[in-house]
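Chemist: Sending over a structure as structure tokens; questions will come in a sec.
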Amino acid sequence: MAKSKVVEAEIVAEHERMDGGTDMLVKCTLIDSQIKWLAYRSTIDSACVVHQHIKRDQGRRGTCLNTKPAPVPVESIERKRTFRSTTRTALTTATYAFKAEYSDALTDYLLLKGDDEYARQHIVNLKRVWRIHELLWPKEKGHDGGRFLARLSCSRNDSYGFATTQFVLEAAPFGQIGLRSLDPRGYSPEPEYDKKIIDGISNALLQDNQRILSMLLVDLERGIENARDAQIVFDRRRKELGDGFTYFDLQRPNSVRQKGGDHEARLEVVHSYDGRLAQAFLMKNDEFWFVLLVTRNVFGKEKMAKITGGNGHYKEVVFTTPIETARRLLGLASSEQTEAEARIELQKTVDRDFQRLLTDHSSRALITICEIAELDSGGAAAFYSVLPSTPMSLPANCPRPIYRIKVLQPKDSKYGTKKLYSLTTLPSGRDSSAFNGKASTDFLTFLRDAITPSRYSEAIKYLQDNVFHDDPGYHELDEACSAWSILTAGRTSTAIDGLVCPVGAPVLERLGQIAVDRELNKIRQGIEDGYWEKGYLEEFIAKLEKQKILPPEINECVEFHTKQHTRNVDNILSLPPTIKKRGRPPKAWDSDEAKAIARREAKAQWARDAREAGKLKEPKERVAARQAQWRKRNADREE
27 MAKSKVVEAE
37 IVAEHERMDG
47 GTDMLVKCTL
57 IDSQIKWLAY
67 RSTIDSACVV
77 HQHIKRDQGR
87 RGTCLNTKPA
97 PVPVESIERK
107 RTFRSTTRTA
117 LTTATYAFKA
127 EYSDALTDYL
137 LLKGDDEYAR
147 QHIVNLKRVW
157 RIHELLWPKE
167 KGHDGGRFLA
177 RLSCSRNDSY
187 GFATTQFVLE
197 AAPFGQIGLR
207 SLDPRGYSPE
217 PEYDKKIIDG
227 ISNALLQDNQ
237 RILSMLLVDL
247 ERGIENARDA
257 QIVFDRRRKE
267 LGDGFTYFDL
277 QRPNSVRQKG
287 GDHEARLEVV
297 HSYDGRLAQA
307 FLMKNDEFWF
317 VLLVTRNVFG
327 KEKMAKITGG
337 NGHYKEVVFT
347 TPIETARRLL
357 GLASSEQTEA
367 EARIELQKTV
377 DRDFQRLLTD
387 HSSRALITIC
397 EIAELDSGGA
407 AAFYSVLPST
417 PMSLPANCPR
427 PIYRIKVLQP
437 KDSKYGTKKL
447 YSLTTLPSGR
457 DSSAFNGKAS
467 TDFLTFLRDA
477 ITPSRYSEAI
487 KYLQDNVFHD
497 DPGYHELDEA
507 CSAWSILTAG
517 RTSTAIDGLV
527 CPVGAPVLER
537 LGQIAVDREL
547 NKIRQGIEDG
557 YWEKGYLEEF
567 IAKLEKQKIL
577 PPEINECVEF
587 HTKQHTRNVD
597 NILSLPPTIK
607 KRGRPPKAWD
617 SDEAKAIARR
627 EAKAQWARDA
637 REAGKLKEPK
647 ERVAARQAQW
657 RKRNADREE
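Counting the sequence shown from 1 gives a position; the numbering used here is that position plus 26.
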């Protein structure tokens with residue numbers, strides 16, 4: 027590297043600093059045609075690059091308290107008269123600063139300009155004017171001392187900026203008093219601990235001291251987009267805290283003018299869909315139709331709603347009621363869909379829900395690796411099948427064997443010489459390497475595990491952990507085999523387990539019915555033996571019925587899916603013969619009650635025969651007591 031020479035240097039990105047310097051990202055072409063990337067800082071009389079030994083987590087620690095980032099360690103290099111001469115000197119004295127990958131150099135460039143961007147934002151944030159709208163304060167000092175809940179808003183210095191202006195701050199004991207900014211989506215940052223600053227914020231809120239608030243909340247940036255959502259979050263948290271707090275409503279206008287909703291439109295909910303992942307409402311007004319989509323947050327306690335399609339479809343607000351939420355969203359976004367287009371959007375939501383239903387089912391299923399193959403240019407592929415299980419929350423005749431193909435292929439690298447790979451799943455074509463840098467390495471490890479008997483379970487675990495929720499797979503074996511044949515034509519393939527036997531609908535129906543009957547038998551046995559109380563029994567039955575019920579739209583998808591993927595009768599597995607239990611009469615019964623009576627009589631007869639034969643010895647007193655109890659129970663039933 028020391029003998030190389032920079033023949034061309036091109037500035038790709040630059041950032042002017044407040045101190046007069048410039049941070050630059052440079053593309054360097056060496057004499058041997060190699061491309062290298064350099065991030066360095068140039069001032070009037072010096073130049074420097076990021077130090078070789080540096081921790082990459084030099085960013086800000088939090089978003090509530092004053093958390094200035096640590097200074098980035100740099101190493102000085104000699105500054106020459108021209109820009110190209112300086113890069114040539116850096117190639118000799120700081121070889122490590124020249125990166126083969128664009129992403130590595132970009133990381134160094136962001137570190138170099140990070141402190142200047144923070145200083146600029148710090149100056150802008152100091153000019154914000156704060157308004158306190160609602161406060162919740164403990165009535166008595168004690169173990170709740172230092173706690174508070176506040177809803178605030180601040181002015182916006184840039185009319186075209188996207189910075190949030192609504193905040194809900196909570197100081198609560200998280201081991202010790204900590205401060206956090208609440209978020210309706212549930213992605214609230216970890217609480218930050220600095221008792222001195224938190225006490226200062228507390229006093230500034232009570233005294234309404236603008237100067238102190240601006241100084242102490244200078245780093246507060248993560249908030250809520252509109253005032254109504256902030257009020258909903260505040261009210262919900264206030265209700266959770268309960269009594270013991272004093273509430274102050276200061277009745278102040280918001281710092282930023284809020285966009286009003288469409289209060290004149292006559293809205294109507296035509297249809298509602300309550301699915302596993304989201305709720306959807308098909309709505310209309312006098313001019314157009316639209317779909318209100320309500321997502322269920324995993325972390326947050328609030329549901330977020332948005333209008334699908336149209337302008338501003340990315341706008342989200344906290345869901346309250348369909349009509350009120352739709353009015354608020356129509357003030358932020360617009361939709362000009364016809365009835366047919368809106369119904370298509372609703373059907374897309376149902377289809378996504380149904381595919382998630384199948385995928386969740388397959389994640390608990392039996393996975394079999396059919397074949398693996400080597401492709402050109404170092405690529406590889408795997409063909410595997412998923413044999414569904416039969417949980418009670420799904421229709422027994424819904425799932426079929428699902429076939430998937432994973433393909434690892436090299437792709438062209440835009441920057442640098444490092445070989446990059448894409449890992450896609452057919453037929454969806456979704457690339458998992460876009461958000462997982464280790465996807466290609468993990469897949470190669472999976473291929474090695476698949477051909478190693480002692481590591482086969484690890485290969486299966488990899489497939490179970492890497493199932494995409496929106497990837498339907500192939501539901502027809504012929505389609506999967508055709509795609510695999512085209513992909514591996516002329517290549518070497520290795521059979522691992524081969525193709526699984528497709529299971530037909532009658533077998534799955536029988537397995538599902540067995541699971542349901544097993545639970546119902548528990549209920550019958552509990553009633554006979556008097557184990558369960560009435561309240562617990564009703565709760566159990568309601569839970570069982572709820573697990574068997576799916577939305578009607580999903581049931582339509584299930585019915586269509588079943589008709590479309592019915593297997594050949596010759597491939598149906600034979601049912602195992604039923605083993606009759608001792609004492610159970612081998613006949614069909616008109617009712618469950620008659621069956622239970624006959625069962626008890628058969629057991630009693632078997633016990634009498636066993637005692638007479640000397641196989642069962644029991645005191646006469648216990649026998650007489652049990653018979654008296656049995657006669658009393660039958661007498662009560664006859665009455």
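Where a beta carbon is used, it is the ideal one built from N, C-alpha and C, also for glycine.
Which one of 273, 173, 31, 482 has the shortest CA to CA distance from residue 117?
Modeler: 31
Chemist: Looking only at its own chain, which residues have a Cβ that is under 6 Å from the Cβ of residue 435, when we skip the five neighbours before and after it?
Modeler: 405, 448
Chemist: In this structure, does DSSP put residue 362 in helix, strand or coil?
Modeler: coil
Chemist: Pull up the DSSP beta-bridge partners for residue 247, would you.
Modeler: In the DSSP output, where bridge partners are listed per residue, residue 247 has none listed.
Chemist: Indicate whether the contact test is met: 3 or more Cβ pairs, each with one atom in the region 223–236 and one in the region 140–148, closer than 8 Å.
Modeler: no
Chemist: So, residue 393 versus residue 522, is the Cβ gap smaller than 7 Å?
Modeler: Taking C-beta atoms as the reference points, residue 393 and residue 522 fail to come closer than 7 Å.
Chemist: Roughly how many whole angstroms lie between the Cα atoms of residue 190 and residue 173?
Modeler: 24 Å
Chemist: Tell me, please, whether the region 367–385 touches the region 300–312 by the rule of three or more beta-carbon pairs shorter than 8 Å.
Modeler: yes
Chemist: Spatial neighbours of residue 261 within its chain, please: C-beta separation below 6 Å, excluding the five flanking residues on both sides.
Modeler: none
Chemist: Please say whether residue 217 and residue 226 have beta carbons closer to each other than 7 Å?
Modeler: no
Chemist: Checking 7 Å against the spacing of the C-beta atoms, do residue 105 and residue 72 come in under that value?
Modeler: yes
Chemist: Can you list, in chain order, the residues of its chain with a C-beta nearer than 6 Å to that of residue 80? Leave out the 5 residues immediately preceding and following it.
Modeler: 99
Chemist: Looking at the secondary structure, which residues open and close the beta strand (DSSP E) in which residue 101 lies?
Modeler: 100–103
Chemist: How would you label residue 252, buried or exposed, when you count the other beta carbons within 10 angstroms and need 16 or more for buried?
Modeler: buried
Chemist: For residue 322, I'd like the list of residues in its chain whose CB is within less than 7 Å of its CB, leaving aside the five on either flank, ordered along the chain.
Modeler: The residues are 303, 304, 329.
Chemist: Would you mind working out which of 377, 177, 165 sits nearest residue 249, comparing C-alpha positions?
Modeler: Of 377, 177, 165, the residue nearest in Cα terms is 177.
Chemist: Are the beta-carbon atoms of residue 410 and residue 506 separated by less than 7 Å?
Modeler: no
Chemist: Using the beta-carbon count (16 or more within 10 Å), is residue 658 buried or exposed?
Modeler: exposed
Chemist: Out of 377, 317, 60, 376, point me to the one whose CA is closest to residue 355's CA.
Modeler: Out of 377, 317, 60, 376, the CA that lies nearest to the CA of residue 355 is found in 317.
Chemist: Leaving out five residues before and five after residue 295 in sequence, what residues of the same chain have Cβ atoms less than 8 Å from its Cβ?
Modeler: Sequence-distant Cβ neighbours of residue 295 in its own chain, meaning closer than 8 Å and more than five residues away, are 307, 308, 309, 348, 349.
Chemist: Taking Cβ positions, are residue 48 and residue 36 nearer each other than 7 Å?
Modeler: no
Chemist: Given a cut-off of 7 Å, decide if residue 513 and residue 407 are closer than it, judged by their beta-carbon atoms.
Modeler: Yes, the pair counts as a contact, with Cβ atoms nearer than the cut-off.
Chemist: Give the DSSP bridge partners of residue 681, in chain order.
Modeler: Given a span of 27 to 665 for the chain in the structure shown, any question on residue 681 remains unanswerable.
Chemist: Nearest-angstrom Cα distance between residue 129 and residue 55?
Modeler: 17 Å
Chemist: Considering only residues of the same chain and omitting the five flanking positions on each side of residue 603, which have a CB-CB separation below 6 Å?
Modeler: A caution first: residue 603 carries a pLDDT of 48, below 50, which makes its placement in the model unreliable, though a value can still be read off. Once the five neighbours on either side are set aside, residue 603 has no close Cβ partner at all.
Chemist: Determine the direct distance from the alpha carbon of residue 209 to that of residue 194, and round the result to whole angstroms.
Modeler: Looking at the two C-alpha atoms, the distance is approximately 8 Å.
Chemist: Can you give me the C-alpha to C-alpha distance between residue 292 and residue 312, rounded to a whole angstrom?
Modeler: 7 Å
Chemist: Measuring only the C-alpha atoms, how far is residue 630 from residue 482?
Modeler: 52 Å
Chemist: Reducing DSSP to helix, strand and coil, say where residue 274 ends up.
Modeler: strand
Chemist: Which partner residues does residue 9 have in the DSSP bridge list?
Modeler: This structure leaves residue 9 out entirely; the chain is present only between 27 and 665.
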